[in-house]
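Same order as they appear, the protein sequences are chains A and B.
Here the first sequence stands for residues 1 to 381, where the numbers follow my numbering.
Here the second sequence stands for residues 1001 to 1381, where the numbers follow my numbering.
There are 2 protein chains.
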Amino acid sequence: MECHDYGLTRNTERKNLNLNPLQRGGVLTTEARKALYEFSDGYSVCDYCAGRLDEISKPPIHGFLDDLAQFINTDHARTVHGAREGKFAVMHALCKPGDTIVVDGNAHYTTHVAAERCDLNMVEVPNSGHPDYRIDPEGYKKVLDDLADQGEDVSLVLLTHVDGNYGNLTDAQAVAKCAHNTGVPLLLNCAYSMGRMPIDAKALNADFVVGSGHKSMAASGPIGVLGLKDEWADIVLRKSGMHAVKELEMLGCTSRGAPVATLMASLPFVAERVKHWDEEVQKTRQFVDKMEKIEGVEQIGVKPKEHDLVRFETPVFDKIAEKHPRRGFFLYEELKKRHIVGIKRGQTKWFKCSVYGFTEEQRDYIADSFVEIVDKYGELI
Amino acid sequence: MECHDYGLTRNTERKNLNLNPLQRGGVLTTEARKALYEFSDGYSVCDYCAGRLDEISKPPIHGFLDDLAQFINTDHARTVHGAREGKFAVMHALCKPGDTIVVDGNAHYTTHVAAERCDLNMVEVPNSGHPDYRIDPEGYKKVLDDLADQGEDVSLVLLTHVDGNYGNLTDAQAVAKCAHNTGVPLLLNCAYSMGRMPIDAKALNADFVVGSGHKSMAASGPIGVLGLKDEWADIVLRKSGMHAVKELEMLGCTSRGAPVATLMASLPFVAERVKHWDEEVQKTRQFVDKMEKIEGVEQIGVKPKEHDLVRFETPVFDKIAEKHPRRGFFLYEELKKRHIVGIKRGQTKWFKCSVYGFTEEQRDYIADSFVEIVDKYGELI
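Structure (structure tokens):
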């Protein structure tokens, strides 16, 4: 058979400044690249398996999971294939088809599909709408009280710690309090927070936390993290009746390959970088300040920023696009000339971006580039 | 925090002749190593995603999945995280808790845990016992007839195409016939066959096939393949009610990272290598002949071999171990001196091995090494 020509290169994204928030936290460390080289083949981490991935001692996945549990302060930690697979595992273990769960109005689509896959009924805590799209922890109280009044049992409360549309950080501790007041456990989706900012699951009082290695922990995808309180281990880490050591929700073993080696290699670096989160937030705020100096650019979501993911509404670029011979493509093309990528081709009304991990010089170069592009087409506005 | 020292090297397994059957089919091609380099960062394959992994055109995952479907001759193909995740997806989509499925007595443990995770009732078609452990397709007929007599509905029939204990190849077409005669679909677990030998799902009349990239398709784990007949697409590839393009059993997207790039890069090579499967079988048979010339070494499982995974009973090594100062470790250590690894430390009563992908010279060197070790300790026998 003849295969298509796959042209497997990624030069554009690797060699330019990539503003895509999805890609900022997953850039590998040098150590992770070395680990990838070592563990690239097939089932590479399974050479010395005695029956369970999380107990392998060479490479020391067992010790690594202890470190990981310490890093996020949970009783148990497992690697899963990603945050979504972690959410599904918790929902599948805890809930029966038809059960009701409460989720935030900024939840990632994968929260919805995980719940749908489990045939759950979702009740949403709405956000505050344009322009903040804020999730108020009090909203959880109201929704939970209403459901209690209706005699409706709730099996799980889910909060998106930092959402992927506006980069809003929500007070998890306050939501945990609402959930626990009605006797319901909290699952905290930390895909955009774990590995970027410090996560202390016990301080936040989250029963479950999920994180994403490829999104925020300098690891090759697909890999995620599931952390849980000991009181839920019997349910979520329930073992097979036929194969005594195998955990059912993990299907025995999860990350049987290179990604777990990259997550391990990066953990010491990631544990260090979260200590500098305030500097990243500062860097982002200064970026927003510079961008908002452009007339027709406004940051959407809670202000001031508490996370690097920024959403801008950009009518100025949309206005230029109306008259520009390249229409909506001009912005992508002008940025690319300046070695900046990660804003979708054709998008000019609004965009999401992040300067996480860039130097201050790079950040200023990026902001200046946007200013320059507006200046260049001043006569079209 | 202080992380453990992970010592992330794999020199021993990479630089020696590795006989572990689990590792023989997952060794990367040069092209896959290059792809790994390109797509190592985080969510690398998602730069140009318009909402669904399997429709991404850069890298051309969409075209690749068409090639993959052609390669195994199925109507639809998806990548999943591994064969087990593919089995779980099919069971979860097709069956309700409490449903009955029929599986072979040589099924991999992941078949059991996937079924347990779905809360299914498993009825086993037994193997023939020592020394062949053969699965007779007629056994399926008997079990299915018995269940029908008891008025028990069966939701799914599963067959392990080549099992991981004895490397027995079972006649899938005959099992498909039994299943379809009672109106039940067949799921064929091809973890040890797809990518090693030619798989034509339509010729085998399998409704579903699952394969393993890290086990048999020269890819970095975790990645697997799920192929299915069009008539099951509405159920197994059912879409979200909230997010129109997202497939629920895939949780939207599966292989969001480097492994899918390696599977793509290796496919042209894998498509070529399966054409030479008869040479691999021949190589294995000659290996078994040489090994069985040693008194106290006997191949277990169906004879002659129809697959590279070989299980030997080796009382001769066990006898040496009884008197050897290093006891059971002697075999591992003697092999390692000869740059041969992949037999578990301490194992001497029996072992599994494979010479898949080795040259004839390497195969002979391996067999000769076993002979040499027996000769060396002749006085201990």
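The beta carbon of each residue, even a glycine, is placed where N, CA and C say it ideally should be.
Keep in mind it's a predicted model, so treat the numbers as computed, not measured.
Along the length of the region 122-177 of chain A, whole beta strand (DSSP E) runs at least 3 residues long occupy 154-160, reported in chain order. Taking 7 angstroms as the Cβ-Cβ cut-off, the region 1086-1119 of chain B approaches chain A at F1088, Y1109, T1110, H1112, V1113, A1114, E1116, R1117, given in chain order. In this structure, DSSP gives H1307 (chain B) a state outside helix and strand, which the three-state scheme calls coil. Between G1063 (chain B) and S1057 (chain B), the gap from beta carbon to beta carbon is short of 9 angstroms.
Under the DSSP definition of a beta bridge, D67 (chain A) lacks any partner. Residues V162, E306, H307 of the same chain have their beta carbon placed closer than 6 angstroms to that of L169 (chain A), with the five preceding and five following residues left out of the count. Using a Cβ-Cβ cut-off of 9 angstroms, E1031 (chain B) counts as an interface residue toward chain A, since at least one Cβ of chain A sits closer than that to its own. When 9 angstroms is used as the limit between beta carbons, D1146 (chain B) is near no residue of chain A, the shortest such separation being about 21 angstroms. Collapsing the DSSP output to three states places G1227 (chain B) in a strand. For D67 (chain A), the closest Cβ of chain B is nearer than 9 angstroms.
For K352 (chain A), the number of other beta carbons within 10 angstroms of its own is at least 16, and it is reported as buried. For D375 (chain A), none of the residues of chain B pass the 7 angstroms Cβ criterion, the least Cβ distance being about 28 angstroms. Secondary structure note for G86 (chain A): its alpha helix (DSSP H) is the uninterrupted segment 83-94. Contact between N106 (chain A) and Y166 (chain A) holds: their C-beta atoms lie close to 7 angstroms from each other, under 8 angstroms. Assigned with DSSP and collapsed to three states, S44 (chain A) falls in helix. The alpha carbon of P21 (chain A) has as its nearest neighbour, out of A:H324, A:M217, A:M264, A:E295, the alpha carbon of A:M217. A:P259 is the residue among A:A172, A:A77, A:P259 whose C-alpha sits nearest the C-alpha of R33 (chain A). Across the region 238-253 of chain A, CB contacts with chain B closer than 7 angstroms involve S240, G241, M242, H243, K246, L248, E249, L251, G252, in sequence order along the chain. Scanning its chain for C-beta atoms nearer than 8 angstroms, with the 5 sequence neighbours on each side dropped, one finds around Q1023 (chain B) the residues E1013, G1342, in chain order. The C-beta distance from R1196 (chain B) to G1086 (chain B) rounds to 17 angstroms, too long to meet the 8 angstroms contact threshold. Contacts between L159 (chain A) and chain B, judged by CB atoms closer than 8 angstroms, are missing: the closest CB pair is about 18 angstroms apart.
In the structure shown, the three-state DSSP call for E1002 (chain B) is coil. With respect to chain A, the C-beta atom of D1278 (chain B) has no partner C-beta closer than 9 angstroms. Counting only the Cα atoms, F1039 (chain B) lies some 31 angstroms from H1092 (chain B). Under the three-state reduction of DSSP, I1300 (chain B) is assigned to strand.
Put simply, the CB of G26 (chain A) is near chain B, with a gap under 9 angstroms to one of its CB atoms. Between M1194 (chain B) and I1072 (chain B), the C-beta gap is smaller than 9 angstroms, which places the two residues in contact. For G1042 (chain B), the residues of chain A that pass the 9 angstroms Cβ criterion are L22, Q23, R24, G25, G26, V27, L28, S212, G213, H214, K215, S216, M217, A218, A219, S220, G221, in the order they occur in the chain. In the displayed model, M242 (chain A) falls within coil according to three-state DSSP, outside both helix and strand. The residue among B:E1280, B:D1375, B:L1237 with its C-alpha nearest the C-alpha of V113 (chain A) is B:L1237. With a contact defined as Cβ atoms closer than 8 angstroms, G301 (chain A) and D132 (chain A) qualify at about 6 angstroms. For K1303 (chain B), the closest C-alpha among the options B:K1319, B:R1285, B:R1010 is that of B:R1285. The C-beta of D200 (chain A) comes no closer than 9 angstroms to any C-beta of chain B. According to the DSSP secondary-structure assignment, E1116 (chain B) is paired through a beta bridge with no residue. Annotated as proximal: L1226 (chain B) and T1079 (chain B), with beta-carbon spacing under 9 angstroms.
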